[in-house]
Ligand code: URA
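In my numbering, the protein residues as written are 18 to 214.
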């Protein structure tokens, strides 16, 4: 049944994908969410930012990264000349908020993964910027620690992926900001190179 569902999602266009996410009842999170959070920005974005899951504010507003971490993400994007809604799309691995912001559970990821996969196929971004251990390990299907994955280019379905610290983590860990800046410069540099080819 799961693979039939994944195949159906893989055939949806942007609008029906959005409708499917909005009405999704595939896992228990539909019972505790206020609303599903599809993502925000340009459906033809050059850069796709992928985070973990909606938090309280995202659940309330229906938009990813609108709380304190979101403000920092906006500033991080501004630092490399990017802006929410322009050449960027912002999404999460999970479309619904886990209660109390607990970690996503494997069955929730399994049920929700086809949505992000289809978003990636339809957007066809030049580059994906995965932020935080959860999004990184889920997207790249690895258990490797983030420290071992930073600073180089990865791939998901032929799309280059840069990994970086989650803005919520950066809000608490001052010394990592220099490293976060290097991740952002890698994003900017790759976008420039990819735009030139
Ligand atoms: N953290 C995330 O990973 N995603 C959001 O949308 C908000 C906070």
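Heads up, the beta-carbon is just placed ideally off N, CA and C, and yes, glycines get one too.
This one's a predicted model, so the numbers in the text were calculated from it and none came from an experiment.
- Annotation note: the region 79-109 contains the following uninterrupted alpha helix (DSSP H) runs of length 4 or greater, listed N- to C-terminal: 85-96.
- About 7 Å separates the beta carbon of residue 184 from that of residue 148, a gap short enough to meet the 8 Å contact definition.
- In the displayed model, residue 65 falls within a strand according to three-state DSSP.
- The closest heavy atom of the ligand URA lies less than 7 Å from the beta carbon of residue 75.
- One thing to note: residue 108 has its Cβ within 8 Å of the Cβ of residue 65.
- A residue is called buried once 16 or more other Cβ atoms fall within 10 Å of its Cβ, and residue 168, having fewer, is exposed.
- Relative to the ligand URA, even the nearest heavy atom lies 7 Å or more away from the CB of residue 192.
- Under the three-state reduction of DSSP output, residue 126 falls in the helix class.
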